[in-house]
DNA sequence: CTTGACCTTGGATTAAACTCTAAGGTTTAT
DNA sequence: ATAAACCTTAGAGTTTAATCCAAGGTCAAG
């Protein structure tokens, strides 16, 4: 059994984060001392690691809450339940990547067109491009 | 001259958005009627389009505020001022893409390992991977 | 018995870019 | 003259994942 500060240190997070996870139903200490101090067990520690690993692969806390409920009752769920969530998240990530790639491509185009020198911005190609409908069409 | 609703419609945004831009110093109508109604000129419209095009290539409103100040006083700025901001934004976008690609790669690995079938999640490879230190190492 | 390191709570704050609400004023058309 | 469609304001709410703060309680060491 360890106190919140010890667990936080092991995990490399702040105690605030652990309390935040508790408030949001992700991780509660298995015991409290008479004075209210939180005490975390080895299983709590494992659960915390599970949470952090989920975060590491891109799941949101809402997703993780969902995964945790599968984790504590595996026999009521099947592989598909888990895999479908993983796939959904991957698709979500891929969509965000695609959006960012559009940004990147546009920015690269803008960079290419501009001399980037000490010349006055009076005739800057980037500003011009942002002024007209073109690569950056809005309507 | 047009009212806020007309400009919003032309731009495909809400009137709220235009008021928000005004409050944040991005776009103010050049006139107000006696009763306080906002009236936007053609130049205001152009400025709004500039803003939306900047958004479209990935600039934040803070970035745009900065670009607008260059735009209204081009002679005091040079191409490099504009290009450096564009490059900084591209690098920023590329960093975000790199992070998301790590997520995607991890998720793809997880998906590969899991059968995704009707089997009980008792021995689900995804759950197992999230339980152990591995691809998803946290410490 | 006091110091310092720990812990408790509730509530406020952060960033970004809106979006919504309430309560009311203005314009245009009939 | 009244209804519909517009406009005004201030201020609160949304999302995500914490992070910070104030005021105070607890615990081990010396």
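Chains as they are written, first to last, in the numbering used here: chain A, 126 to 264; chain B, 126 to 264. All C-beta atoms in this analysis are idealised placements derived from N, C-alpha and C, irrespective of residue type, glycine included. Since this is a predicted model, take the numbers as computed values, not measurements.
| query | result |
| --- | --- |
| Anyone know if the C-beta pair for residue 211 of chain B and residue 232 of chain A falls short of 7 Å? | yes |
| In whole angstroms, what is the alpha-carbon distance linking residue 185 of chain A and residue 198 of chain A? | 20 Å |
| Can you pull the chain B neighbours of residue 145 of chain A, defined as C-beta to C-beta under 7 Å? | None at all; the shortest Cβ gap to chain B is about 17 Å. |
| Could you check how far apart the C-beta atoms of residue 151 of chain A and residue 193 of chain A are, in whole angstroms? I think they sit under 8 Å. | 7 Å |
| Which whole-angstrom value describes the C-beta separation of residue 241 of chain A and residue 219 of chain B, a residue pair presumed to lie in contact below a C-beta threshold of 8 Å? | With a Cβ gap of about 18 Å, residue 241 of chain A and residue 219 of chain B do not count as contacting. |
| I need the DSSP call for residue 162 of chain B, collapsed to helix, strand or coil. | coil |
| With residue 129 of chain B as the anchor, note down where its alpha helix (DSSP H) starts and where it stops. | 129 to 136 |
| Pick helix, strand or coil for residue 155 of chain B, following the three-state DSSP scheme. | coil |
| In the DSSP assignment, what residue or residues form a beta bridge with residue 240 of chain B? | None; residue 240 of chain B has no bridge partner. |
| Identify the residues that DSSP records as bridge partners of residue 203 of chain B: which are they? | A/245 |
| So the alpha helix (DSSP H) residue 250 of chain B belongs to, where does it begin and stop? | 250 to 256 |
| Can you say whether residue 177 of chain A is buried or exposed, counting buried as having 16 or more other CB atoms within 10 angstroms of its CB? | buried |
| By the three-class DSSP mapping on this structure, what secondary structure does residue 184 of chain A have? | coil |
| State the DSSP-derived secondary structure class of residue 167 of chain A, mapped to helix, strand or coil. | helix |
| Return helix, strand or coil for residue 346 of chain B, following the three-state DSSP convention. | With chain B represented from 126 up to 264, any question about residue 346 of chain B goes unanswered, as that position is not in the structure. |
| Which value, in whole angstroms, describes the spacing of the CA atoms of residue 131 of chain A and residue 258 of chain B? | 20 Å |
| Report the three-state DSSP secondary structure of residue 198 of chain A (helix, strand or coil). | coil |
| Please compile the residues from chain B whose C-beta is within a distance smaller than 7 Å of the C-beta of residue 246 of chain A. | 195, 199, 202, 203, 204, 206 and 207 |
| Quick check: the Cα distance between residue 238 of chain A and residue 153 of chain A, rounded to an integer number of angstroms? | 56 Å |
| So which residues on chain B does residue 251 of chain A lean against when the C-beta distance must stay under 8 Å? | 204, 207, 208 and 211 |
| Quick check on this structure: which residue in A/229, A/138 and A/249 has the alpha carbon closest to the alpha carbon of residue 170 of chain A? | A/138 |
| How would you write the range of the alpha helix (DSSP H) that residue 141 of chain A sits in, first residue to last? | 140 to 148 |
| Return the CA-CA distance between residue 141 of chain B and residue 133 of chain B, expressed in angstroms with no decimal places. | 9 Å |
| Straight-line CA distance for residue 136 of chain A to residue 179 of chain A? | 14 Å |
| If you drop the 5 nearest sequence neighbours on each side, which residues of the same chain put their C-beta closer than 7 Å to that of residue 214 of chain B? | 183, 184 and 188 |
| Can you round the beta-carbon distance between residue 229 of chain A and residue 222 of chain B to whole angstroms, since I take them to be within the 8 Å contact cut? | 7 Å |
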